[in-house]
Amino acid sequence: MASESDTERKRLLFEDHLNRIAYGHISFELYRAGFEFGLYDLLKKKPGLRLEEVASAISLRPYPAEVLLIGVAALDLVRKEGDKWYISEEFGKHLDSEKYKEFRISDADYMHRIVGPAARTLVDSLRAEKNLGLPELYGPKAANFYEELGKNEAHFASFTRRMSALTRLNIEKVAANPIFGQKKNVLDVGGNTGYLAIEITKHHKATRATTIDLPVVIGKTEALFKKSENSSRLAAIGSNIFTEKLPRGYDCIVFAHFTPIFSVSRVKKFLADTFEALDSGGCVCLYNGHADPNKPGSAFHGIFGAYFEFLAGGAGLYHEKPSYMAWMKEIGYAKIEVHPMDFNEALLIGHKA
Ligand SMILES: C[S@@+](CC[C@H](N)C(=O)[O-])C[C@H]1O[C@@H](n2cnc3c(N)ncnc32)[C@H](O)[C@@H]1O
C-alpha cells in the first residue's frame, strides 16, 4: 500500500505537471528564451556556474538571469545544486544530437511566430470545425495556409527551417530505404524545397526524383535543385493537387508529412488518386508521425495534431497507423510494409500489384 508520504508526493508532482500546462504560455517562452540567450549551450559547456557568472556570459544583469534560471529549473531543463547551475541530464543528452537541437530551436521559432498566436482560436475553431487561426494570422480573405506562408518571406523561412529539421530527424533512414533504388521515377508530393528528393537521389544513383509543391513555393525548390550535384535527376512541378490531377509516369509517389494536414475523406481520395496515377507495380510511400495515445513518447503527436485543425488544414489530425493501413487495403494496395522511424514516425509503403 502506498504510504501517506508517497501519496502526498504524487499529488505534488501532479500539481506541478498541471501548473506547467496551466502556465504553458509562460513555460514555452521561458524554454525559448533559454535558447535565445544561449543558456543551455553555456551550461553544457561550463557546468556549475554561479548566477553572476551565468548572467555575465549571457549578457544579462543578475536579476533577469535569475528569472530565467528559476523559470527553466521549474521546467526541469536546468537544476541548481548549492549556488551552482547545471543543465538537466536528459535535456543535455537531447541537445547532444545536432539534429534534435536544430529541430527544437527552429520549432520554438515557428511556435512563437506563427502557431502560438493562431492557437488562441482553438476553442472557436473546434466549435466551428474551421481553421480560424488562418484569418487570425492573415486576415479574412486568407483561404489557404500554405499559400499564405509562401507569400510571407519571414513566415516561409521559419516554416521551412522547422519542417526540414523535423524531416531531417529521419531523412537518412527514409531516403536510404531500398524501395527508392528499386523504383526509377519518384514523385514527392508537397515536397517543399526538395530536401527529401535531393536526399533520395544521393542514396540511389539511378533514381530520378520530382517534387510537386504549390506554384508560390516551387521557384525556391527549382533554385535549390539547380545547385544540387544531382540536378540532372531532379525536377520540380508547381501544382495545386486539389485542383490539378497527379501527373502520370511515376512508379513511386511519396507523401511526407502531408496526409495529417487533411481530413480522412481527403486522405482516402489522395490514396485512391495515387493508386490510379501509379504505373502497375508502383507504390505509394507515406512518411509521417502517428498518434498512439498510450505510448510513451507520443505527446508530440497528441498535442501538435491540434494545429492541423485550428491552423494548417482545418480538418486534419495525426491518425493512428492501423487506420492508414486499413484505408490502403480498402483502396486495393496489395501489400503494405511498415518501417518504424524515430520520434514515433514510420514509413508505410503500399504496393500496387
Ligand atoms: C507540412 S509540409 C511537408 C513538407 C515536406 N514534405 C516534409 O516532409 O518536410 C506540407 C507541404 O505541402 C505543400 N502543399 C500544401 N497543400 C498543397 C497542395 N494543395 N498542392 C501541392 N502542395 C501542397 C506545402 O506548400 C508544404 O510544402
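With my numbering applied, the sequence shown corresponds to residues -19 to 333, in that order.
Positions of the beta carbon are idealized from the N, C-alpha and C atoms, including for glycine.
When rounded, the separation of the alpha-carbon atoms in Asn157 and Lys64 is 47 Å.
For Ile329, the enclosing beta strand (DSSP E) stretches over residues Glu325 to His331. Check the Cα spacing between Leu149 and each of Phe136, Glu179, Ala122 and Ala2: the tightest is with Glu179. Thr181 counts as buried, since no fewer than 16 other beta carbons sit within 10 angstroms of its beta carbon.
Your pair Leu(-8) and Leu19 does not check out as a contact, with CB atoms roughly 26 Å apart and the cut at 8 Å. Not one heavy atom of ligand 1 is found less than 6 Å from the C-beta of Leu117. DSSP, reduced to helix, strand and coil, places Glu317 within a strand of the structure shown. Exposure of Asn274 is indicated by the presence of fewer than 16 other C-beta atoms within 10 angstroms of its C-beta. Glu300 places its beta carbon 7 Å or farther from that of Ala333. For His331, the closest of Met321, Ala145 and Ile316 by C-alpha to C-alpha distance is Ile316.
Contact check for Val169 against Phe242 fails: the beta carbons are separated by 7 Å or more. Only residues of its own chain outside the window of five on either side were considered, and among them Glu179, Ile180 and His183 have a CB closer than 6 Å to the CB of Ala155, listed in chain order.
Under DSSP, the beta-bridge partners assigned to Val264 are Ile233 and Gly330. Per DSSP, Glu61 is one residue of the beta strand (DSSP E) stretching across Val58 to Glu61. Here the alpha carbons of Cys265 and Gly282 stand approximately 23 Å from one another.
Of the other Cβ atoms in all chains shown, fewer than 16 fall within 10 Å of the Cβ of Tyr43; this residue is therefore exposed.
By alpha-carbon distance to Ala88, the top candidate from Glu152, Ser36 and Leu146 is Leu146. Here the C-alpha atom of Gly229 lies approximately 20 Å from the C-alpha atom of Leu176. Taking C-beta separations shorter than 7 Å and ignoring five residues to either side along the sequence, the partners of Ser86 in its chain run Arg141, Arg142 and Ala145, following chain order.
Per DSSP, the unbroken alpha helix (DSSP H) holding Ala134 starts and ends at Glu133 to Arg148.
Taking the Cβ of Tyr126 as the reference point, at least one heavy atom of ligand 1 falls within a distance shorter than 6 Å. When the beta-carbon positions are compared, Ile159 and Ile311 stay at least 7 Å from each other. At a threshold of 6 Å, Ile221 counts as near ligand 1, since its beta carbon sits closer than that to one of the ligand's heavy atoms. Relative to the non-hydrogen atoms of ligand 1, the Cβ of Leu22 never comes closer than 6 Å to any of them. Across the set Phe288, Ser212, Pro302 and Leu112, the C-alpha of Phe288 shows the shortest separation from the C-alpha of Pro240. Residue environment for Glu325: buried (at least 16 other C-beta atoms within 10 angstroms of its C-beta). Contact check for Leu327 and Tyr267: beta-carbon distance about 5 Å, within the 8 Å limit, so the pair qualifies. Short note on Val247: C-beta not closer than 6 Å to any heavy atom of ligand 1. In the DSSP assignment, the residues bridged to Val166 are Ala189 and Cys232. Annotation for Val197 indicates a beta carbon within 6 Å of some heavy atom of ligand 1.
In this structure, the C-beta of Met305 stays at least 6 Å away from each heavy atom of ligand 1.
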